[in-house]
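A.B. asks: Residue 104 in our numbering is what sits at position 100 of the sequence shown, and the numbering runs on without skipping anything.
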Amino acid sequence: LPRLVAKFPFARGELCRRVRFDMRGRDVIVFLHIQKTGGTTFGRHLVRNIRLEQPCYCRAGQKKCACHRPGGDKDTWLFSRFSTGWSCGLHADWTELTSCVPAAMERRGCAGNRTVR
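1) Can you tell me which of the three DSSP states H72 falls into?
2) Could you tell me which of T45, E110, F35 sits nearest to A96, measuring between CA atoms?
3) Among H49, S91, D31, whose alpha-carbon lies nearest the alpha-carbon of S103?
4) Rounded to a whole number of angstroms, what is the C-alpha to C-alpha distance between P13 and G29?
5) Suppose you measure from the CA of G76 to the CA of I54; what does that come to, to the nearest Å?
6) Between I33 and the rest of its own chain, which residues show a CB-CB distance below 6 Å, the 5 nearest in sequence each way excluded?
7) With a Cβ-Cβ cutoff of 7 Å, do C62 and C69 count as a contact?
8) I need the DSSP call for T99, collapsed to helix, strand or coil.
Written out as structure tokens, the structure is:
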């Protein structure tokens with residue numbers, strides 16, 4: 005009998021790890037959109053359907069929403085096509101995002117946390 009090999013051999017600790025996200029601080033979620041995986045739907049849910057202290061502000065007819073930190077009106081906690089647009093190019097990959105996001109956030113006047121987790 006052939007031996008079964010795990011398709012995605014991730015360590016259990018990696019799959020179950022907890023990461024603290026400080027929306028009021030300098031943390032930013034960078035949404036990596038992967039085509040044909042439901043990413044558009046998930047990205048839309050991030051800006052429209054999450055119960056937050058300060059929800060993203062979405063204008064009717066606009067694709068982008070303003071996702072400001074609680075108590076703020078400029079700094080954003082979400083970097084995605086539905087909050088900042090395609091700031092790093094259409095379907096930017098991991099390498100493009102890690103080199104582009106800090107500069108894109110700076111251009112927007114957002115400090116951001118430069119630690120990649």
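Ideal Cβ placement from N, Cα and C applies to all residues, glycine included.
C.D. replies: Looking at the coordinates:
1) Three-state result, H72: strand.
2) For the set T45, E110, F35, the Cα lying nearest the Cα of A96 is the one of F35.
3) Ranked by Cα distance from S103, the options H49, S91, D31 are led by S91.
4) Within the model, the alpha-carbon separation for P13 versus G29 is close to 34 Å.
5) Answer to the nearest angstrom: the Cα atoms are 18 Å apart.
6) Excluding sequence positions up to five before and after I33, its CB lies within less than 6 Å of the CB of L82, all in the same chain and listed in chain order.
7) Yes, the Cβ-Cβ distance between C62 and C69 is below 7 Å.
8) T99 falls in the helix class under three-state DSSP.
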